[in-house]
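Presented below is the structure to which this report refers.
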Amino acid sequence: MPYIPHTSQEIAEMLSVIGVDSIEQLFDEIPPELRSDGLDNIPSRQSEMQVQRLLTEKSMQDGTPLCFAGGGAYEHHIPAAIWEIATRGEFYSAYTPYQAEASQGTLQVIYEFQTMIASLTGMDVSNASLYDGASALGEAVLMSVRANRKAKSKRIIMPATVSSVYRQVVATIVKHQGITLDIIDFDRANGTIDIDKLKQQSEPFAALVIPQPNYFGCMEDVHTLTDWAHEQGAMVIGLVNPVALALLEAPGNWGTQGVDIAVGEAQPLGIPLSSGGPYIGFMACKQKLVRQLPGRIVGRTVDLDGKPGFSLTLQAREQHIRRSKATSNICTNQGLMATATTLYLAFMGRDGLQKVAASCVQNTQALIDLLKISPGICFPFGTSVFHEFVITLPTDVEQVIEAMAEEDIVAGINISQYYAQDGLENALLICVTETRSPEDMAFFADTLNKVISDLTGGARK
Amino acid sequence: MSDIPQELKYTKSHEWVRVEEDGTLTVGITEHAQGLLGDMVFVELPEVGESYEAEQDCAVVESVKAASDIYCPVEGEVIEVNEELEDAPEQINVNAYHEGWIFRINPSNPDDVDNLMNADDYAALVEAEEH
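Sequence lines, in order, name chains A and B. Here the working numbering is used: position 349 in the first sequence is 351, and no number is missing along the way. Here the working numbering is used: position 130 in the second sequence is 549, and no number is missing along the way.
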């Protein structure tokens, strides 16, 4: 639909019909003391040319630094075709159709998305997507408490190896539902869930969350953990990275029964970093739990003439029908992001995704090898990693990050801010994807060595 | 006018209750209710062994157009549920008062049933609701 401006004449006509002299008069109902004088430092109006110039100058301040940071959102190469197609007028709508059956094309794309997610995670059924990985984890926690009636528990075991940010989001979502999140420590030597501490649990719990890879980039022992949780009568929620799934065992195959619910962040599949969003959460589960699954679900069916078509299904779970007893308040999905993700997976295919994942692993190992010979840098965890790893520095991590930034490198994430009490001081989480070249990594290692040397006054271990 | 068997008791929320010989109660939803709800697609049965208060929601019937709570008619413990409804929820539409039974309870107080409506009172309720 083209932009339709109001002409001055049309505005005058409307004002005349309403019976006022100016647009300002329409706001007379608002008490004067509540009116704002405008925003500081923001001019009331500028021309399109001025605004374009202003924003161009602002964006130039961002620059294009070399990114080695991950922590939940990852820089991957996005083929040009993805957004060329996703920004077509037919797709370029962020919203879920409400006259769903009239939007067969949209429903078909969502159905393809669901099929791909179910296939990637090894689960029976997927929903049409949620807002992001963190809220998807929150929904999974709520779902497991609802669905696991036998456990009669509102307790969730949440490992400390799940991102601190995700844990905060989940806590916000569940705190008024009477659900407790019991944080379980990680093994300091391995950077993975402390299984011995876990096995000391005696109180019943509704579900165990297992991240794979975890926030430190480390691989958890998913089969042991899944079977243990099931033996305790609990459900298992797998929190997974979709690119890693090209190489790792799908959560539907963890342990002897597979997980009950699989969730994660699908941003790595064709969505740009864009300063934190929009992203897209995915959620899939076993068939027997489908009635507890939140969000939109598209189903394939036949019409009166027997011709195949798509519709929204199992809507009695949703709040416009079930109201306060709905499975969730969400009644939408991330339509545009789901379209892009589906395009990305269709373009890359199984082979392409495996190549991306393999390249991430190789590049990460290459940087690890370079840094292993760097004086002063320690590797606290001995476990295999996917595309992220933790190092501890001989000097203040924030200063190192700043010094690297001056060389136009985003060095990583200071995770000491989340784990200082666990003895992880001056710890940096570094991520390497397929987008980094051997030159990038040599540059990173050389610069880091130089920065450390400068900051420690040349003192070496 | 839908079928309202004389020998049953009824609730305002359209459940019917049959007092069995051993004092237990069989509960389902009426012919009138199933007609309003439409084709059943799913029944969420109560847990055997769970106790419910009178008028507490204990089950859900889901049709193509709505999901409706089922309320326990009197205080009691659920002793049996109709598992056939898991694969054939349409039994509620086809035979609401027999094959469409939903659950059986052991009432805490056998006299509580007397507080429920008889067939004539229920018929009057249905008549009133239709206008």
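Note that the Cβ used here is the ideal one computed from N, Cα and C, for glycine as well. These numbers come from a predicted model, not from an experiment.
Endpoints, alpha helix (DSSP H) assigned at residue i
i	result
C137 (chain A)	Per the sequence shown, the amino acid found at residue 137 (chain A) is Ser instead of Cys. Its alpha helix (DSSP H) spans residues G135 to A149.
V22 (chain A)	Element bounds for V22 (chain A): n/a, residue is neither H nor E.
A507 (chain B)	That residue, A507 (chain B), is in no alpha helix (DSSP H); it is neither H nor E in DSSP.
Q453 (chain B)	E450 to L456
A120 (chain A)	Q106 to T123
S166 (chain A)	S166 to V176
W2 (chain A)	Residue 2 (chain A) cannot be examined here, being either before or after the span of chain A that is shown, 3 to 463.
R482 (chain A)	It is not possible to answer for residue 482 (chain A), since the shown part of chain A is limited to 3 through 463.
Y421 (chain A)	S418 to Y421
L2 (chain A)	In the structure as shown, chain A starts at 3 and stops at 463, and residue 2 (chain A) therefore has no counterpart that could be examined.
Per-residue DSSP class, three states only, for residue i
i	result
Q356 (chain A)	helix
M62 (chain A)	helix
K452 (chain A)	helix
K590 (chain B)	Residue 590 (chain B) is absent from the model: chain B starts at 420 and stops at 550.
E35 (chain A)	helix
V413 (chain B)	Outside the displayed range of chain B (420 to 550) lies residue 413 (chain B), so it cannot be described from this structure.
L291 (chain A)	helix
Y541 (chain B)	helix
I423 (chain B)	coil
P529 (chain B)	helix
R438 (chain A)	coil
K463 (chain A)	Since pLDDT at K463 (chain A) reaches only 46, below the 50 mark, its modelled position is unreliable, and no value is offered.
M221 (chain A)	coil
S313 (chain A)	strand
E390 (chain A)	strand
E546 (chain B)	helix
R437 (chain B)	strand
G495 (chain B)	strand
Y2 (chain A)	In the structure as shown, chain A begins at 3 and stops at 463. Residue 2 (chain A) is therefore absent and cannot be evaluated.
L338 (chain A)	helix
F70 (chain A)	coil
A447 (chain A)	helix
R523 (chain B)	strand
L444 (chain B)	strand
V460 (chain B)	strand
Chain-ordered neighbours of residue i on chain A, where CB pairs are closer than 8 angstroms
i	result
E466 (chain B)	R151
F522 (chain B)	Chain A residues near F522 (chain B): none, gap ~16 angstroms exceeds 8 angstroms.
Under 7 angstroms from the C-beta of residue i: neighbouring residues of chain B
i	result
R298 (chain A)	Simply none; closest approach about 16 angstroms.
I323 (chain A)	A485 and A486
Assigned exposure category for residue i - 16 Cβ within 10 Å defines buried
i	result
H78 (chain A)	buried
S487 (chain B)	buried
H389 (chain A)	buried
G457 (chain B)	exposed
S131 (chain A)	buried
E222 (chain A)	buried
H8 (chain A)	exposed
A556 (chain B)	It is not possible to answer for residue 556 (chain B), since the shown part of chain B is limited to 420 through 550.
I13 (chain A)	exposed
Y168 (chain A)	buried
T445 (chain B)	buried
A264 (chain A)	buried
P465 (chain B)	buried
V111 (chain A)	buried
D262 (chain A)	buried
A413 (chain A)	buried
Under 9 angstroms from the C-beta of residue i: neighbouring residues of chain A
i	result
A452 (chain B)	Per Cβ cutoff of 9 angstroms: no residues; A452 (chain B) is ~16 angstroms from chain A at best.
Proximity test, residue i beta-carbon vs the ligand PLP heavy atom, cut-off 6 angstroms
i	result
I87 (chain A)	The ligand content of the structure shown is nil, which means the ligand PLP is not present either.
Beta strand (DSSP E) segment containing residue i, residue limits
i	result
W85 (chain A)	No beta strand (DSSP E) contains W85 (chain A), which is instead part of the alpha helix (DSSP H) from A82 to A88.
Q405 (chain A)	The displayed chain sequence assigns Ala, not Gln, to residue 405 (chain A). Here A405 (chain A) belongs to no beta strand (DSSP E); instead the alpha helix (DSSP H) covers V399 to E408.
L306 (chain A)	Where L306 (chain A) is concerned, there is no enclosing beta strand (DSSP E), given that its DSSP letter is neither H nor E.
Q214 (chain A)	A209 to Q214
L183 (chain A)	T182 to I186
I158 (chain A)	R157 to P161
Y281 (chain A)	Taken as a continuous stretch (DSSP letters only), Y281 (chain A) belongs to no beta strand (DSSP E), as it is neither H nor E.
M237 (chain A)	M237 to V242
Contact set between residue i and chain B, taken where Cβ atoms lie within less than 9 angstroms
i	result
R293 (chain A)	F461, E463 and E481
TODO: State whether the stretch 204 to 214 of chain A contacts the stretch 142 to 162 of chain A, with contact taken as three or more CB pairs (one from each stretch) at a distance under 8 angstroms.
DONE: By the Cβ rule, the stretch 204 to 214 of chain A counts as touching the stretch 142 to 162 of chain A, because three or more pairs are nearer than 8 angstroms.
Open item on the list: Would the stretch 352 to 364 of chain A count as touching the stretch 144 to 162 of chain A if we require 3 or more Cβ pairs under 8 angstroms?
Closed with: Because the criterion of three Cβ pairs below 8 angstroms is not met, the stretch 352 to 364 of chain A and the stretch 144 to 162 of chain A do not touch.
Open item on the list: Does the structure place the stretch 422 to 431 of chain B close enough to the stretch 439 to 448 of chain A that three or more beta carbon pairs sit under 8 angstroms?
Closed with: No, the stretch 439 to 448 of chain A is not in contact with the stretch 422 to 431 of chain B.
- [ ] Inspect the CB distances between the stretch 412 to 421 of chain A and the stretch 335 to 343 of chain A and report whether three or more fall short of 8 angstroms.
- [x] The stretch 412 to 421 of chain A makes no contact with the stretch 335 to 343 of chain A: fewer than 3 CB pairs, one atom from each, lie closer than 8 angstroms.
TODO: Determine, using beta-carbon pairs with one atom in the stretch 315 to 335 of chain A and one in the stretch 234 to 246 of chain A, whether at least three such pairs fall under 8 angstroms.
DONE: Segments in contact, no.
- [ ] Count the C-beta pairs between the stretch 437 to 453 of chain B and the stretch 280 to 287 of chain A that are closer than 8 angstroms, then say yes if the count reaches three, no if not.
- [x] Not touching, per the Cβ criterion.
Task: Three or more C-beta pairs below 8 angstroms linking the stretch 393 to 403 of chain A and the stretch 349 to 356 of chain A - done: The stretch 393 to 403 of chain A, when compared against the stretch 349 to 356 of chain A, does not touch it at the 8 angstroms Cβ threshold.
Open item on the list: Taking 8 angstroms as the cut-off, does the stretch 249 to 260 of chain A touch the stretch 221 to 238 of chain A (at least 3 CB pairs, one atom from each stretch)?
Closed with: Below 8 angstroms, enough C-beta pairs join the stretch 221 to 238 of chain A and the stretch 249 to 260 of chain A to call them touching: three or more.
TODO: Say whether the stretch 426 to 436 of chain A touches the stretch 490 to 508 of chain B, bearing in mind that this needs 3 or more beta-carbon pairs closer than 8 angstroms, one atom from each stretch.
DONE: Verdict: no, contact absent.
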